[in-house]
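Number of protein chains: 2
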Amino acid sequence: MSLSHVLLGLLVESPASGWDLKQRLAEDPARGWDADLSQIYPSLRRLLRGGFVSLKRRRSPKGPPRREYRATPSGRRELKEWVAEPFSLPRPHDATLARLALLERSLPPDRVRRLQEYRNLLADELKRAATGTTAARRRRRVLLETELAWADAESAALLAGRSLGPAERART
Amino acid sequence: MSLSHVLLGLLVESPASGWDLKQRLAEDPARGWDADLSQIYPSLRRLLRGGFVSLKRRRSPKGPPRREYRATPSGRRELKEWVAEPFSLPRPHDATLARLALLERSLPPDRVRRLQEYRNLLADELKRAATGTTAARRRRRVLLETELAWADAESAALLAGRSLGPAERART
DNA sequence: CGGCGGTATATGAGTCGTCATATACTTACC
DNA sequence: GGTAAGTATATGACGACTCATATACCGCCG
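Residue numbers (my numbering), protein chains in the order written: chain Z, 1 to 172; chain R, 1001 to 1172.
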């Protein structure tokens, strides 16, 4: 049910079509949710059937007719209640993190290489996240910065330890 | 397919039953994945059919017979390949974060109250995460600490701004 | 004018995830 | 002897999600 509420949240900010909503979700990961169009369209229809949004068809200057949705008073009420529900930490669900964790059984040179691969991903994402003054965006920025620092620290530690090659290691 | 690989990863560390695996996943969020037993059992069967794990039945001292799985050489190979796949940042999928982001349209007193609710969640989780010397756990710890600091900073900023009540605000 | 790229909606197959429920074995306690 | 609590496996319904595919409207470029 989260996707519907997230869409409702976007529609309270401003009316939009399914396609618009997808753009907004994709460009701002700080919102905490994203989904494919194939999930967004049926979700909007459910919101419409439930009376949480209204629909206006409009000609598009550059494509097929747009279906523009806007939140109704009932939709705003529903959203408010959803936002007020208690917080909880999400169940972890991140294949990249799982790979990173399993990587710890590899040899240092491999680990360093892949840590730096990850580090670069983070650096790119940090660039993309550089703008924006919402609390959610500030949160995302500090988390990315922290993770970047973590990756660098882990790399450095591995490189420092690595000066002991197999031969030296055997003597300790 | 991630769940199977994560389970395989645990089984390479040590043989275990489905129930054991669930305990291990639940107790260490730094591994990056968790799932219900109702997902774990069928997943183990698929791994068994695929020859990635082997099965040994054992009497349990305190319950019905256990089904203990261990990774086969083919399973280890499969795992290695999976771990070597390229990294990517996960699609955001976090209802709590979405609530937090939407909360920014509420009035400061509400926002402070809920930020502190979230802060307390984080503080509890940080306590649970206090042990462990793997890189993945270190990562989790620094991220939780950063997020805690973020929540406190946002609260403080709101409280500082709040000294301007509606009346004072109107005059500026 | 034919095709390409961007805008826009739509659907279906198949998988993954959640939640509820059932069963069975054991120890511990009343 | 009944039952509660912890260990352990299992299944089914339902909804969420991914991925592939189709259609259509537009302007632009060669």
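All C-beta atoms, glycine included, are put in the ideal place defined by N, C-alpha and C.
**Item:** Residue from Leu1121/R, Val1142/R, Asn1120/R and Arg1119/R with nearest C-alpha to Ala1130/R
**Value:** For the purposes of this step, residue 1130/R is taken as residue 130 along the second sequence, with counting starting at 1. Ala1130/R has its Cα closest to that of Val1142/R, out of Leu1121/R, Val1142/R, Asn1120/R and Arg1119/R.
**Request:** Return the residues of the region 48–72 of chain Z that lie within a Cβ-Cβ distance of less than 8 Å from chain R, sorted by chain order.
**Result:** Flagged: no residues at all.
**Request:** Go ahead and label Asp1124/R buried or exposed: buried means 16 or more other beta carbons lie within 10 angstroms of its beta carbon, across all protein chains shown.
**Result:** If you number the second sequence from 1, residue 1124/R lands on position 124. Taking all protein chains shown into account, Asp1124/R has fewer than 16 neighbouring C-beta atoms within 10 Å of its C-beta and is therefore exposed.
**Contact set between the region 82–104 of chain Z and chain R, restricted to residues whose Cβ is under 8 Å from the partner** = Per Cβ criterion, the list reads Trp82, Val83, Glu85, Pro86, Phe87, Ser88, Leu89, Pro90, Arg91, Pro92, His93, Asp94, Ala95, Thr96, Leu97, Ala98, Arg99, Leu100, Ala101, Leu102, Leu103 and Glu104.
**Message:** To the nearest angstrom, how far is the alpha carbon of Arg57/Z from that of Ala136/Z?
**Reply:** Counted from its first residue, the first sequence places residue 57/Z at position 57. Counted from its first residue, the first sequence places residue 136/Z at position 136. Those two C-alpha atoms are separated by around 32 Å.
**Asked** With contact counted as at least three CB pairs below 8 Å, one residue from each stretch, are the region 80–98 of chain Z and the region 33–47 of chain Z in contact?
**Response** A contact between stretches requires three or more CB pairs, one per stretch, nearer than 8 Å, and the region 80–98 of chain Z fails this requirement with the region 33–47 of chain Z.
**Prompt:** Hey, out of Val53/Z, Asp94/Z, Ala151/Z and Ala98/Z, whose CA is closest to Leu10/Z's CA?
**Reply:** Stepping through the first sequence from its first residue, residue 10/Z is reached at position 10. Residue Val53/Z is the option with its Cα nearest to Leu10/Z.
**Message:** How far does the alpha helix (DSSP H) with Glu117/Z in it extend, from its first residue to its last?
**Reply:** Within the first sequence, residue 117/Z is the residue found at index 117, counting from 1. Note, Glu117/Z: alpha helix (DSSP H), Pro108 to Arg128.
**Request:** Could you check how far apart the C-beta atoms of Glu1078/R and Leu1008/R are, in whole angstroms? I think they sit under 8 Å.
**Result:** Within the second sequence, the letter at position 78 stands for residue 1078/R. Within the second sequence, the letter at position 8 stands for residue 1008/R. Glu1078/R to Leu1008/R, Cβ: 7 Å. Contact.
**Request:** Would you mind telling me which residues of chain Z sit closer than 7 Å to Ser1002/R, beta carbon to beta carbon, in chain order?
**Result:** The residue given as residue 1002/R occupies position 2 in the second sequence. Chain Z residues near Ser1002/R: Ala95 and Ala98.
**Message:** Considering only the alpha carbon of each residue, which of Leu148/Z, Ser43/Z and Arg91/Z lies closest to Lys127/Z?
**Reply:** Here residue 127/Z is taken as the residue at index 127 of the first sequence, counted from 1. For Lys127/Z, the closest alpha carbon among the candidates Leu148/Z, Ser43/Z and Arg91/Z is that of Leu148/Z.
**is_contact[Thr1134/R, chain Z] using C-beta, thresh 9 Å** = Position 134 of the second sequence, counted from the first residue, corresponds to residue 1134/R. Yes, Thr1134/R lies at the interface with chain Z (some Cβ there is under 9 Å from its Cβ).
**Asked** Are three or more beta carbon pairs between the region 1109–1117 of chain R and the region 98–110 of chain Z nearer than 8 Å?
**Response** Too few Cβ pairs lie closer than 8 Å, so no.
**Request:** Using a Cβ cut-off of 9 Å (strictly closer), state whether Glu1117/R contacts chain Z.
**Result:** Reading the second sequence from its first residue, position 117 is the one you call residue 1117/R. Under the Cβ distance rule, Glu1117/R counts among the residues neighbouring chain Z, one pair being separated by less than 9 Å.
**Request:** At 9 Å on the CB atoms, spell out the chain R contacts of Arg138/Z, in chain order.
**Result:** Working through the first sequence from its first residue, we reach residue 138/Z at position 138. What Arg138/Z touches in chain R, judged by beta-carbon distance under 9 Å, is Trp1150, Ala1153 and Glu1154, going in chain order.
**Request:** Take the Cβ of Thr133/Z as the centre, count every other Cβ of all protein chains shown within 10 Å, and call the residue buried at 16 or more, exposed below.
**Result:** As a first step, residue 133/Z is located in the first sequence; it is residue number 133 there, counting from the start. Under this definition Thr133/Z is an exposed residue.
**Option nearest Lys22/Z by Cα separation, candidates Val12/Z, Trp33/Z and Asp94/Z** = As a working note, residue 22/Z is residue 22 in the first sequence. Minimum Cα distance to Lys22/Z is reached at Trp33/Z.
**Asked** In chain R, what lies closer than 8 Å to Ala31/Z by C-beta?
**Response** Numbered from its first residue, the first sequence carries residue 31/Z at position 31. Sequence check: residue 31/Z is Arg here, not Ala. Within chain R, the residues near Arg31/Z are Pro1092, Leu1097, Ala1098 and Ala1101.
**Request:** May I have the straight-line CA-CA distance separating Met1/Z from Ala1095/R, to the nearest angstrom?
**Result:** Along the first sequence, read from residue 1 onward, the residue named residue 1/Z stands at position 1. Along the second sequence, read from residue 1 onward, the residue named residue 1095/R stands at position 95. Distance between the alpha carbons of Met1/Z and Ala1095/R: 9 Å.
**Asked** In whole angstroms, what is the alpha-carbon distance linking Leu1003/R and Lys1062/R?
**Response** Stepping through the second sequence from its first residue, residue 1003/R is reached at position 3. Stepping through the second sequence from its first residue, residue 1062/R is reached at position 62. Cα-Cα distance, rounded: 28 Å.
**Prompt:** If we ignore side chains and look at the alpha-carbon of each, how far apart do Glu1065/R and Leu1144/R end up?
**Reply:** As a position in the second sequence, residue 1065/R is number 65, starting the count at 1. As a position in the second sequence, residue 1144/R is number 144, starting the count at 1. At residue 1065/R the sequence reads Pro, which differs from the Glu that was named. One C-alpha to the other measures close to 39 Å.
**Identity of the residues DSSP links to Tyr69/Z by a beta bridge** = Counted from its first residue, the first sequence places residue 69/Z at position 69. Partner residues in the beta bridge of Tyr69/Z, as assigned by DSSP, are Ala16/Z and Leu55/Z.
**Request:** Report the residue from Val1112/R, Ser1060/R, Asp1028/R and Pro1073/R whose alpha carbon sits nearest the alpha carbon of Leu1047/R.
**Result:** Mapped onto the second sequence, residue 1047/R falls at position 47. Here the closest residue by C-alpha is Pro1073/R.
**First and last residue of the uninterrupted alpha helix (DSSP H) at Leu103/Z** = Position 103 of the first sequence, counted from the start, is the residue given in the question as residue 103/Z. Taken as a continuous stretch (DSSP letters only), Leu103/Z belongs to no alpha helix (DSSP H), as it is neither H nor E.
**Item:** Local conformation of Gly161/Z per DSSP, three classes
**Value:** Working through the first sequence from its first residue, we reach residue 161/Z at position 161. Shown here, Gly161/Z sits in a helix according to DSSP, grouped into three states.
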